[in-house]
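Protein chains in written order, with the working numbering: chain A, 1 to 144; chain B, 145 to 288.
C-beta: ideal position from N, C-alpha, C; glycine also.
Everything on this sheet refers to the single structure shown next.
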DNA sequence: TATTGTTATACTCTATAACTATA
DNA sequence: TATAGTTATAGAGTATAACAATA
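This is the structure we're talking about:
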């Protein structure tokens, strides 16, 4: 395939722009999926940042969420009230709290992710060939 | 290409899941792009829903945003305070307000869209072949 | 003295209900 | 009487600053 860096950049912008627009167009459905569960986008992000095993300090969560520590306290309080997360203390430094998901929290997290990963109906109208090309190209995008 | 509906659905889920995850991973950068301009996600959605010509009634905006009419009032008030939008009255029904973008509002809207459409660096590491396949498949997704 | 996290507080955002103007 | 939009008000979410506990 004959090409130049400039042409490549133009293709990338085209592809990305379309991906972005498509995601934006499907945003209301995700918003409703949260609403049905009485959750906010913040709650979903909170669930996404946590797991059952690896405890996260309040500080690191505030860093990831680019918010104030007091706001992280508020968000985790909320997840705890839902029964989705819990704070644990560690012996080595009693100032620190480690936040982990509860069983319930992990279940809701998985449910949400499954729903968010369900392709919009329009995508199924693409040919298997196009779908395969899409999946393959996006796989290479993996860690970058 | 030999395939079945089931295999096709699996491919679609794979492609969509990867697209979704990639978009989520790049969300903080978009959040910062808004923050640099002192704008909220709501402001961006407001700008995206409006243009210079086609006036939108408050009611239709509230419908699109799936929020209460009073909240739409609040959002448009905010855009007006920024100088991004203005309300116009029409002679045929003096209850109705039509909201349009100002020149400034359109400029900021275009700036934001341009920034959001700028592909993340990782995308440029894909081969021209993959980028073309991506752009081509996504183009077919156009209106669905 | 520095760091982790919470509490106090004010400000912004969002929704429900009451209201004004027009149809 | 019904509809478009705004205002009044209360509640939820987010930030800054002061604080308590531990290192």
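- Sorting A:26, A:103, A:93 by C-alpha distance to the C-alpha of residue 47 of chain A places A:103 at the top.
- For chain B, the residues of the segment 97-131 of chain A that bring a beta carbon within less than 9 angstroms of one of its beta carbons are 113, 116, 117, 118, 119, 120, 121, 122, 123, 124, 125, 126, 127, 128, 129, 130, 131, in chain order.
- Counting along the chain, residue 243 of chain B sits inside the beta strand (DSSP E) bounded by residues 241-245.
- DSSP, reduced to helix, strand and coil, places residue 210 of chain B outside both helices and strands of the structure shown, so it counts as coil.
- Shortest Cα-Cα distance from residue 183 of chain B to any of B:160, B:216, B:243, B:222 involves B:222.
- Annotation: Cβ neighbours of residue 141 of chain A in chain B (cutoff 8 angstroms, chain order): 162, 166, 266, 267, 270.
- Per DSSP, reduced to three states, the secondary structure at residue 89 of chain A is strand.
- Taking the Cα positions, residue 179 of chain B is about 11 angstroms away from residue 66 of chain A.
- The beta carbon of residue 56 of chain A does not come within 9 angstroms of any beta carbon belonging to chain B, so the residue lies off that interface.
- Sequence-distant partners of residue 62 of chain A (beyond 5 residues in either direction) whose C-beta falls short of 6 angstroms from its own C-beta, in its chain, are 69, 72.
- Around the beta-carbon of residue 187 of chain B, 16 or more other beta-carbon atoms lie within 10 Å, marking it buried.
- Judged by beta-carbon spacing, residue 85 of chain A lies within the 9 angstroms limit of residue 76 of chain A, meaning their Cβ atoms are closer than that value.
- About 4 angstroms separates the Cβ atoms of residue 117 of chain A and residue 161 of chain B, confirming a contact at the 8 angstroms cut-off.
- Rounded to whole angstroms, the Cβ separation of residue 21 of chain A and residue 281 of chain B is 14 angstroms, and the two are not in contact under 8 angstroms.
- Within the same chain, 240 come within 6 angstroms of residue 201 of chain B by CB-CB distance, once the 5 residues on both sides are set aside.
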